[in-house]
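The numbering of the sequence shown is our numbering, which starts it at 57 and goes up by one.
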Amino acid sequence: MGGSWQRIVDDAVRVDLRTFGVLVLEGPRASGKTETGLQYANSSVRLDSDPALVALAETTPTLVLEGGTPRLVDEWQLAPLLWNAARHTIDERGTPGQFIFAGSATPSDDHTRHSGAGRFGRLLVHPMSLSESRESTGHVRLSALMQGETPAGLGGLDVPGYSHAIARGGWPALVTNPKRDPVRYLQSYLDDVARVDLRGLGLRFDPARVSALLRAIARNVAGERTATKLAVEADISAQSSRQYIDALTRVFVVEELPAWSTHLRSNVRMRVQPKWHFVDPSLTVAALDGDEQRLLQDLNLFGFLFESLCIRDLRVYSQALGGRVYHYRDSSGLEVDAIVELRDGTWSAFEVKMGGSQAIEQAASNLKKLKSKVASNRQRELGSLTVLTAGNTSYAREDGVNVVSLGHLTE
C-alpha cells in the first residue's frame with residue numbers, strides 16, 4: 057500500500073505493542089491488516105502462502121513462532137493452536153511486543169484455547185475511512201465533538217464524490233490504485249466470500265444461499281431485520297440464516313450495530329434489536345449489482361448507504377478514542393442513527409441526513425428529544441448532538457445542535 061498512506065489504527069498499534077505480548081489485528085480480508093503489521097514486524101510468516109506452513113503450525117507451533125520480534129503471523133486463524141503456543145511463549149519471555157497475529161476470520165470457540173486476558177490486545181482494522189483515503193478535510197475532530205467543542209469547516213466532497221466513495225469503498229487496493237475497476241473487484245470479493253471464505257471456517261455452506269442472504273442483507277442495510285425475516289427474503293431456512301449471519305460476522309463482512317443501553321427519565325422502553333451493516337458500504341452496492349451511477353439515480357438507496365458510510369467512519373474514529381458505536385430506538389418510535397460512547401461514559405449522539413433544511417431540522421429535533429429522555433446524570437456526560445450531512449459546511453446551530461459534513465470529520 058505504501059508507507060505514505062497512514063492508518064488511524066497506527067497509534068493504537070504502537071501502544072498495544074508496548075502493552076501486550078501479542079497484538080491481534082482483526083478485520084475483513086484486504087482491509088490492510090498485513091500491511092499495517094509489516095510496518096512494525098521484524099520477521100513474518102504468511103500461513104496462507106503454503107499449506108505446509110499450516111501443517112507445521114498445527115504440529116509444532118513453536119517453530120512457526122521463531123524469528124525476530126515482533127513477529128507477524130498472517131492468517132493465524134488457519135492454525136488456532138498458535139494461540140496457546142504464543143501465550144506460553146510470552147509467559148516465558150515476560151516481554152511485550154512479541155507477536156502480531158493478523159486474521160481475517162475468528163476461529164470458532166474452543167474450550168482449550170485460553171482467553172488471552174492480559175496477554176493479547178485486539179484491534180479491528182476496518183477499510184479506510186474518508187480521512188485515511190484523503191477525502192476528508194479533517195476540519196472537525198470527533199475527539200473535539202466528544203468534548204463539546206464547536207465545529208467549523210467548509211468545502212470537501214460533493215454528492216458525486218460521496219457516490220464514488222461509497223461505491224469504491226475504503227479498500228486500500230482500490231483507494232491507492234484508481235485504475236482498478238471497483239465493480240469487478242467487489243463482485244469478485246463477494247463471490248470469494250460465498251465460495252471460499254466461509255468454507256475456511258470449517259463448515260459447509262451453499263454459495264448460492266450465501267449470495268442470496270448477502271442480497272437480502274443489502275436490501276435491508278441499516279435495518280433491524282431479524283435472521284428469521286432475512287431468511288424469508290433469501291428463501292432459506294431460519295437456521296441457515298442464523299448460521300450464515302454468524303459466519304459472515306466471523307469473517308468481518310457483516311457487522312452488528314448494537315442498541316445503546318442507558319438510563320432514561322421516562323417509562324419508555326429501549327429496543328434492543330441490533331442493526332446490521334456491511335463492514336463497508338461498497339459491499340452493499342456490489343451485492344445489489346450497482347455502481348456509483350445507480351446511487352445517483354436512486355437517492356433513497358443513496359441515503360441508506362450514506363448512513364452506512366457514516367457508521368463505518370464513526371467506528372474507525374471512535375476506536376482511536378477507545379469508544380464504541382451504537383444505535384438508539386425506543387418504544388415510542390424515536391430513533392437516533394448513532395451513539396458514540398467512550399470508556400469514561402462520555403457520549404455523543406448523531407443523526408445522519410444527506411442535507412436539506414427540513415431534514416436537518418427533523419434530525420435536530422430527534423436529537424433533542426433523545427437528550428430530554430436521558431437521565432440527568434447521563435445528560436452531564438453528553439459531549440454533543442450532531443447531524444452528519446453530505447453538505448460542505450460544518451457549524452453549530454443556535455440551539456446547540458451541530459451540523460457537520462462527514463467530509464470534514466476525522467478522529
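Heads up, the beta-carbon is just placed ideally off N, CA and C, and yes, glycines get one too. The structure presented is a predicted model; accordingly, all values stated were derived computationally and were not measured.
Residue i versus residue j: straight-line alpha-carbon distance, rounded
{"i": "R298", "j": "A283", "result": "6 angstroms"}
{"i": "S164", "j": "D214", "result": "43 angstroms"}
{"i": "E397", "j": "R197", "result": "15 angstroms"}
{"i": "L357", "j": "L351", "result": "7 angstroms"}
{"i": "E280", "j": "S440", "result": "25 angstroms"}
{"i": "H383", "j": "G389", "result": "13 angstroms"}
{"i": "F76", "j": "Q154", "result": "8 angstroms"}
{"i": "S100", "j": "R371", "result": "28 angstroms"}
{"i": "L423", "j": "R453", "result": "13 angstroms"}
{"i": "M184", "j": "D104", "result": "23 angstroms"}
{"i": "A278", "j": "V328", "result": "14 angstroms"}
{"i": "T232", "j": "Y96", "result": "21 angstroms"}
{"i": "L180", "j": "H195", "result": "25 angstroms"}
{"i": "L318", "j": "Q203", "result": "Checking the sequence shown, residue 318 turns out to be Thr, not Leu. Roughly 19 angstroms separates the two Cα atoms."}
{"i": "L119", "j": "A108", "result": "13 angstroms"}
{"i": "K409", "j": "E363", "result": "8 angstroms"}
{"i": "V392", "j": "L186", "result": "22 angstroms"}
{"i": "D400", "j": "A208", "result": "26 angstroms"}
{"i": "K429", "j": "R385", "result": "12 angstroms"}
{"i": "D237", "j": "Q295", "result": "36 angstroms"}
{"i": "D455", "j": "G359", "result": "25 angstroms"}
{"i": "R321", "j": "S387", "result": "14 angstroms"}
{"i": "L269", "j": "E82", "result": "23 angstroms"}
{"i": "G411", "j": "S421", "result": "15 angstroms"}
{"i": "T125", "j": "R175", "result": "15 angstroms"}
{"i": "I395", "j": "E407", "result": "9 angstroms"}
{"i": "D248", "j": "D106", "result": "19 angstroms"}
{"i": "T145", "j": "G447", "result": "52 angstroms"}
{"i": "S293", "j": "A303", "result": "15 angstroms"}
{"i": "D67", "j": "G378", "result": "12 angstroms"}
{"i": "I301", "j": "L344", "result": "18 angstroms"}
Buried or exposed by the 16-neighbour rule on C-beta atoms within 10 Å, applied to residue i
{"i": "G212", "result": "buried"}
{"i": "V460", "result": "buried"}
{"i": "D369", "result": "buried"}
{"i": "K235", "result": "exposed"}
{"i": "L339", "result": "buried"}
{"i": "G93", "result": "buried"}
{"i": "S432", "result": "exposed"}
{"i": "R63", "result": "buried"}
{"i": "T468", "result": "The displayed coordinates of the chain run from 57 to 467. Any statement about residue 468 would go beyond what the structure contains."}
{"i": "Q353", "result": "exposed"}
{"i": "T442", "result": "buried"}
{"i": "Q375", "result": "buried"}
{"i": "G172", "result": "buried"}
{"i": "T168", "result": "With a pLDDT of only 46 at T168, under the threshold of 50, the placement of this residue in the model should not be trusted, and no figure is reported."}
Unbroken alpha helix (DSSP H) run spanning residue i, endpoints
{"i": "W139", "result": "L137 to R149"}
{"i": "H220", "result": "V215 to R224"}
{"i": "N433", "result": "S432 to Q435"}
{"i": "F360", "result": "L355 to A376"}
{"i": "T75", "result": "D66 to T75"}
{"i": "E417", "result": "S413 to K429"}
{"i": "S296", "result": "A294 to R306"}
{"i": "S267", "result": "P263 to R275"}
{"i": "V457", "result": "Taken as a continuous stretch (DSSP letters only), V457 belongs to no alpha helix (DSSP H), as it is neither H nor E."}
{"i": "D247", "result": "P238 to D248"}
{"i": "L112", "result": "P107 to T115"}
{"i": "T232", "result": "Here T232 belongs to no alpha helix (DSSP H), and DSSP marks it neither H nor E."}
For residue i, the first and last residue of its enclosing beta strand (DSSP E)
{"i": "D393", "result": "E391 to E397"}
{"i": "K285", "result": "K285 -> not in any beta strand (DSSP E); alpha helix (DSSP H) instead, spanning A283 to A290."}
{"i": "E311", "result": "V310 to L313"}
{"i": "L179", "result": "F176 to L180"}
{"i": "T449", "result": "T449 to A452"}
Cβ shell of residue i (< 6 angstroms), same chain only, five flanking positions each side left out
{"i": "L138", "result": "A113, P117 and W132"}
{"i": "V239", "result": "D347"}
{"i": "L79", "result": "D72, L73, I156 and G177"}
{"i": "A250", "result": "P263, V266 and S267"}
Residues of its chain near residue i, where Cβ-Cβ distance is below 7 angstroms and the 5 sequence neighbours each way are ignored
{"i": "P152", "result": "L73, R74, T75, F76 and G77"}
{"i": "R190", "result": "none"}
{"i": "A272", "result": "L286, E289 and A290"}
{"i": "L230", "result": "R224, R236, P238 and Y241"}
Residues sharing a beta bridge with residue i, DSSP
{"i": "R158", "result": "The amino acid occupying residue 158 in the given sequence is Ala; Arg does not appear at that position. Per DSSP, L81 and D130."}
{"i": "A405", "result": "I395 and L441"}
{"i": "S100", "result": "L128"}
{"i": "K331", "result": "L313"}
{"i": "L465", "result": "V196"}
{"i": "R385", "result": "E391"}
{"i": "G209", "result": "S450"}
{"i": "L320", "result": "V430"}
Residues near residue i in its chain [Cβ-Cβ closer than 8 angstroms; skip 5 each side]
{"i": "E311", "result": "T305, W332, H333, F334, V335 and R371"}
{"i": "A342", "result": "V239, L242, Q243, Y245 and L246"}
Any C-beta of chain B under 9 angstroms from that of residue i
{"i": "L179", "result": "Given the protein chain composition of this structure (a single chain), no chain B is represented."}
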